[in-house]
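Protein sequence lines correspond, in order, to chains A and B.
Count the first sequence with my numbering and you get residues 1 to 236, in order.
Count the second sequence with my numbering and you get residues 1 to 236, in order.
Glycine is no exception: its CB is placed at the ideal position from the N, C-alpha and C atoms.
This report refers to the structure that appears directly beneath it.
Protein chains: 2
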Amino acid sequence: MAKVDTSLVAHLPLFAGMTPEALDEILREARSARYPRNSAIFEQGADAQCFFLLLHGHVRAAKTTPAGEQIVVRYVAPGETFGLAMAIGAARYPATATAVDDSVVLIWPTSAWPRLVERFPALAANTLQTVGTRLQESHTRILEMSTQQVEQRIAHALLRLAKQSGKKLDHGIEIDFPISRQDIAQMTGTTLHTVSRILSGWESQGLVESGRQRIILREPHRIVVLAERSADNGAA
Amino acid sequence: MAKVDTSLVAHLPLFAGMTPEALDEILREARSARYPRNSAIFEQGADAQCFFLLLHGHVRAAKTTPAGEQIVVRYVAPGETFGLAMAIGAARYPATATAVDDSVVLIWPTSAWPRLVERFPALAANTLQTVGTRLQESHTRILEMSTQQVEQRIAHALLRLAKQSGKKLDHGIEIDFPISRQDIAQMTGTTLHTVSRILSGWESQGLVESGRQRIILREPHRIVVLAERSADNGAA
DNA sequence: CAACCAGTTTGCGTTAGCGCAAAACAGGGT
DNA sequence: ACCCTGTTTTGCGCTAACGCAAACTGGTTG
């Protein structure tokens with residue numbers, strides 16, 4: 001089994017407050033794997049045999065309705081865990097995970113979780129922290145969907161992506177993984193048509209520069225203004 | 001300090017897998033309090049000095065935007081915990097909690113949490129389970145808001161309330177705490193006007209019976225049909 | 001018992017955003 | 001270099017739901 005360098009992951013929230021020996025012991029139970037761009041990591045409904053830690057790349061977690069409509073639950077950035085079905089006592093994955101870029105992950109068998117938690121209680125505490133934060137973010141998203149209109153939601157979504165996975169450019173920030181209009185629509189609860197129209201509008205105002213699965217925020221500050229503008233204080 | 005009967009709470013998920021002695025020790029750190037109907041338990045943004053376990057009554061957790069709009073995050077039923085800001089490492093409550101009915105709660109000081117978790121690791125594991133479940137429910141809600149129309153969302157919301165806090169009647173199920181049209185609107189991301197219109201419609205079809213802060217589902221099965229109907233297979 | 005008040009109902013005009021359809025576009029593979 | 005496929009753009013009509021305004025209801029209070 002390939003050895004994982006502890007120094008690369010020691011600083012992650014998941015391992016906060018752990019001794020190097022503990023970390024070493026935990027990592028010994030993991031294997032690593034590479035997923036090429038656009039490959040499935042696991043499918044919604046499959047039994048949750050493993051949980052994951054993303055080392056490199058980007059992963060999209062999406063949920064599908066019986067009718068086949070999808071929403072993006074979140075984009076996973078390097079250093080984050082995903083596929084934690086066992087944390088909530090679920091036997092099956094509640095969402096589908098896809099590598100949107102060539103990705104490298106650490107993989108633990110779900111069966112190892114109880115033992116690891118027993119031996120390293122900090123693991124449960126740290127995971128609780130993470131899951132709690134995600135719950136908050138979820139609530140914020142619900143709040144936005146309930147109270148803001150589409151343009152503002154898209155602005156927020158892009159700013160969040162920029163913060164989480166933005167690559168600083170000379171002038172602007174680029175979302176550094178492939179993302180389509182459709183994906184943004186599924187993050188914000190709208191349609192790809194509406195997203196396209198809005199981004200076109202922004203592009204003609206010089207706020208963004210975008211193309212095939214590529215988005216650069218040229219004027220982040222002005223986008224923040226859009227995001228925070230309430231329903232009535234529209235354009236002058 | 002009033003003594004709490006362990007047998008009343010021993011079966012709760014929060015205390016799963018704990019010895020009676022452990023439970024006793026945990027309960028010794030708690031005090032109990034009573035909140036009359038419509039009284040505030042804590043406010044969004046206040047520092048999170050305590051966390052709570054609801055024994056009797058019902059509590060509404062709501063989040064407010066800077067602009068003053070509200071959404072209902074969830075209704076807390078007896079046996080559930082709330083105000084777990086410390087679980088996610090937040091210093092302040094992310095939402096406001098209000099007793100919607102005369103309620104009795106157990107209260108622990110947030111400061112006791114680290115010690116309790118260290119002494120009883122199962123506490124963290126159980127809480128993780130709970131928070132994880134709530135995260136899933138959140139995602140389901142986002143999915144619904146993205147893909148379903150208002151009538152279906154309201155149907156789902158009422159069915160959920162009925163399941164969580166429904167009182168079985170001879171014919172039908174009554175939501176057994178006061179809930180207004182406005183509240184339902186804030187749960188489903190719509191306006192009280194729209195909720196009122198839809199409930200009026202249902203009432204004239206005999207699906208529900210409702211009045212001032214009171215709702216009885218008379219035909220739960222037919223409401224399930226409404227909830228599951230996809231966008232296109234409308235009325236015959 | 002009357003006045004009040006919070007919650008509810010309903011009508012009506014408006015509109016943000018959807019849905020369909022079709023065209024333009026951009027890569028990647030052979 | 002060319003085709004093929006997946007993505008993006010844009011036009012146009014439509015409608016679900018909003019927003020405002022006004023009337024109504026039933027429980028509570030002085």
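Margin query: Check whether the stretch 114-134 of chain B and the stretch 200-207 of chain B touch, using three or more Cβ-Cβ pairs below 8 angstroms as the test.
Written below: Put simply, the stretch 114-134 of chain B does not touch the stretch 200-207 of chain B. Fewer than three CB pairs are less than 8 angstroms apart.
Checklist line | DSSP three-state assignment for R229 (chain B), whether helix, strand or coil | finding: As a first step, residue 229 (chain B) must be located in the second sequence, where it is residue number 229. Of the three classes helix, strand and coil, the one that applies to R229 (chain B) here is coil, per DSSP.
Margin query: Could you give the first and the last residue of the continuous beta strand (DSSP E) run that contains A62 (chain A)?
Written below: On the first sequence, position 62 is the one that residue 62 (chain A) refers to. Element bounds for A62 (chain A): V59 to T64.
Next item on the list: Could you tell me the boundaries of the beta strand (DSSP E) in which T96 (chain B) lies?
Entry: Stepping through the second sequence from its first residue, residue 96 (chain B) is reached at position 96. Taken as a continuous stretch (DSSP letters only), the beta strand (DSSP E) holding T96 (chain B) covers T96 to A99.
Notebook entry, point to check: Got a sec: which bits of the stretch 145-166 of chain B sit with their beta carbon under 7 angstroms from any beta carbon on chain A, in order along the chain?
Noted result: Listed by position along the chain: M145, S146 and T147.
Checklist line | Simplified DSSP assignment, three categories, for Q48 (chain B) | finding: Here residue 48 (chain B) refers to the residue found at position 48 when the second sequence is read from its first residue. With the sequence shown as reference, residue 48 (chain B) is identified as Ala, and Gln is not the correct amino acid for it. Coil.
Check: Between the stretch 115-123 of chain A and the stretch 63-79 of chain A, are three or more C-beta pairs nearer than 8 angstroms?
Finding: no
Check: Helix, strand or coil: how does DSSP classify R129 (chain A) here?
Finding: Position 129 of the first sequence holds residue 129 (chain A). The amino acid at residue 129 (chain A) is misidentified as Arg; the sequence shows Gln. Here Q129 (chain A) sits in helix by DSSP.
Margin query: Is L12 (chain B) close to the ligand MG? I mean its beta-carbon at under 7 angstroms from any heavy atom of the ligand.
Written below: This structure does not include the ligand MG; it has no bound ligands of any sort.
Item checked: Closest residue to R28 (chain B) among B:R229, B:I88 and B:W108 (Cα-Cα distance) -> Locating residue 28 (chain B) in the second sequence gives position 28, counting from the first residue. When only C-alpha atoms are compared, the closest one is B:W108.
Margin query: Tell me the rounded alpha-carbon separation between P114 (chain A) and G132 (chain B).
Written below: Within the first sequence, the letter at position 114 stands for residue 114 (chain A). Within the second sequence, the letter at position 132 stands for residue 132 (chain B). Going by the C-alpha atoms only, they are around 16 angstroms apart.
Next item on the list: Determine, using beta carbons only, whether V225 (chain B) comes closer than 8 angstroms to chain A.
Entry: Along the second sequence, read from residue 1 onward, the residue named residue 225 (chain B) stands at position 225. Output row for V225 (chain B): interface = no.
Notebook entry, point to check: How big is the Cα-Cα spacing for M145 (chain A) and M187 (chain A)?
Noted result: Within the first sequence, residue 145 (chain A) is the residue found at index 145, counting from 1. Within the first sequence, residue 187 (chain A) is the residue found at index 187, counting from 1. So the two alpha carbons sit approximately 10 angstroms from each other.
Checklist line | Given 8 angstroms, three or more beta-carbon pairs between the stretch 76-92 of chain A and the stretch 163-170 of chain B | finding: No, because fewer than three Cβ pairs between the stretch 76-92 of chain A and the stretch 163-170 of chain B fall closer than 8 angstroms, the two stretches do not touch.
Notebook entry, point to check: Q49 (chain A) CB to nearest chain B CB: under 8 angstroms?
Noted result: Taking the first residue of the first sequence as 1, we reach residue 49 (chain A) at position 49. Not an interface residue.
Margin query: With the cut-off set at 8 angstroms, would you say Q213 (chain A) and I173 (chain A) are in Cβ contact?
Written below: The residue labelled residue 213 (chain A) in the question sits at position 213 within the first sequence. The residue labelled residue 173 (chain A) in the question sits at position 173 within the first sequence. Contact flag unset, no.
Check: If T251 (chain A) sits next to A40 (chain A), beta carbons under 8 angstroms apart, how far is it from one beta carbon to the other, in whole angstroms?
Finding: Since the first residue shown for chain A is 1 and the last is 236, residue 251 (chain A) is missing from the structure and cannot be characterised.
Item checked: Contact with chain A by P78 (chain B), beta-carbon distance below 8 angstroms -> Your numbering for residue 78 (chain B) matches position 78 in the second sequence. Judged by the 8 angstroms Cβ criterion, P78 (chain B) is not in contact with chain A.
Item checked: Three-state secondary structure assigned by DSSP to H139 (chain B) -> Against the second sequence, residue 139 (chain B) aligns to sequence position 139. Of the three classes helix, strand and coil, the one that applies to H139 (chain B) here is helix, per DSSP.
Next item on the list: Answer yes or no: does any C-beta atom of chain A fall closer than 8 angstroms to that of L199 (chain B)?
Entry: Looking up residue 199 (chain B) in the second sequence gives position 199. With 8 angstroms as the cut-off, L199 (chain B) does not count as an interface residue toward chain A.
Next item on the list: Please check if any C-beta of chain B sits within less than 8 angstroms of the C-beta of H139 (chain A).
Entry: Walking along the first sequence from the start, residue 139 (chain A) turns up at place 139. Cβ-Cβ to chain B under 8 angstroms: yes for H139 (chain A).
Notebook entry, point to check: Around the Cβ of A236 (chain A), are there at least 16 other Cβ atoms within 10 angstroms (buried) or fewer (exposed)?
Noted result: Residue mapping note: residue 236 (chain A) aligns to position 236 of the first sequence, counting from 1. Any answer about A236 (chain A) is weak, because its pLDDT of 41 lies below 50 and its placement is not dependable; what the coordinates show is given next. Exposed: under 16 other Cβ atoms inside 10 Å.
Checklist line | Candidates A:A16, A:L55, A:E228 and A:S165: closest to I215 (chain A) by CA position | finding: Taking the first sequence and counting its residues from 1, one reaches residue 215 (chain A) at position 215. Comparing Cα positions, the closest option is A:S165.
Checklist line | Opening and closing residue of the alpha helix (DSSP H) in which E25 (chain A) lies | finding: Within the first sequence, the letter at position 25 stands for residue 25 (chain A). Where E25 (chain A) is concerned, the enclosing alpha helix (DSSP H) stretches over P20 to R28.
Checklist line | Contact list for the stretch 114-140 of chain A against chain B, Cβ threshold 7 angstroms | finding: V117, P121, A124, A125, T127, L128, Q129, V131, G132, T133, R134, L135, Q136, S138 and H139
Next item on the list: Identify the contact partners of L143 (chain B) in chain A, using a Cβ-Cβ distance below 7 angstroms as the criterion.
Entry: Taking the first residue of the second sequence as 1, we reach residue 143 (chain B) at position 143. Simply K63, T65 and I71.
Margin query: I'd like to know whether the C-beta of P94 (chain A) is nearer than 8 angstroms to at least one C-beta of chain B.
Written below: Along the first sequence, one-based indexing puts residue 94 (chain A) at 94. Output row for P94 (chain A): interface = yes.
Check: Between the Cα of T110 (chain B) and the Cα atoms of B:G17, B:S210, B:S196 and B:D47, which residue gives the shortest distance?
Finding: As a working mapping, residue 110 (chain B) is identified with position 110 in the second sequence. Nearest C-alpha to T110 (chain B): B:D47.
Note to self: I need the straight-line Cα distance from A10 (chain A) to V104 (chain A), nearest angstrom please.
What the structure shows: Residue mapping note: residue 10 (chain A) aligns to position 10 of the first sequence, counting from 1. Residue mapping note: residue 104 (chain A) aligns to position 104 of the first sequence, counting from 1. In a straight line, the C-alpha of A10 (chain A) is about 17 angstroms away from that of V104 (chain A).
Notebook entry, point to check: In the DSSP assignment, what are the bridge partners of F42 (chain B)?
Noted result: Indexing the second sequence from 1 puts residue 42 (chain B) at position 42. Its beta-bridge partners are B:A97.
Checklist line | Strand pairing of S210 (chain B), partner residues [DSSP] | finding: Numbered from its first residue, the second sequence carries residue 210 (chain B) at position 210. Answer by DSSP bridge pairing, in chain order: B:I215.
Note to self: If you reduce the DSSP assignment to three classes, tell me which class F15 (chain A) lands in.
What the structure shows: For this step, residue 15 (chain A) is matched to residue 15 along the first sequence. Helix at F15 (chain A).
Notebook entry, point to check: Nearest-angstrom Cα distance between A87 (chain A) and Y35 (chain B)?
Noted result: Along the first sequence, one-based indexing puts residue 87 (chain A) at 87. Along the second sequence, one-based indexing puts residue 35 (chain B) at 35. Straight-line Cα distance between these residues: approximately 33 angstroms.
Note to self: Let me check understanding here. Comparing Cα to Cα, which of B:V100, B:K163 and B:Q148 lies closest to R229 (chain B)?
What the structure shows: For the purposes of this step, residue 229 (chain B) is identified with residue 229 of the second sequence, where counting begins at 1. Comparing Cα-Cα distances from R229 (chain B) to each of B:V100, B:K163 and B:Q148, the minimum goes to B:Q148.
Note to self: Output needed for F15 (chain A): all residues of its chain with C-beta closer than 6 angstroms, excluding positions within five of it in sequence on either side, in chain order.
What the structure shows: Counting from one through the first sequence, the residue named residue 15 (chain A) turns up at place 15. Counting only Cβ-Cβ distances below 6 angstroms, and skipping sequence neighbours, we find L23.
Next item on the list: Answer with yes or no whether the minimum CB distance from S196 (chain B) to chain A is below 8 angstroms.
Entry: Numbered from its first residue, the second sequence carries residue 196 (chain B) at position 196. Against chain A, the CB of S196 (chain B) has no partner CB under 8 angstroms away; the residue lies outside that interface.
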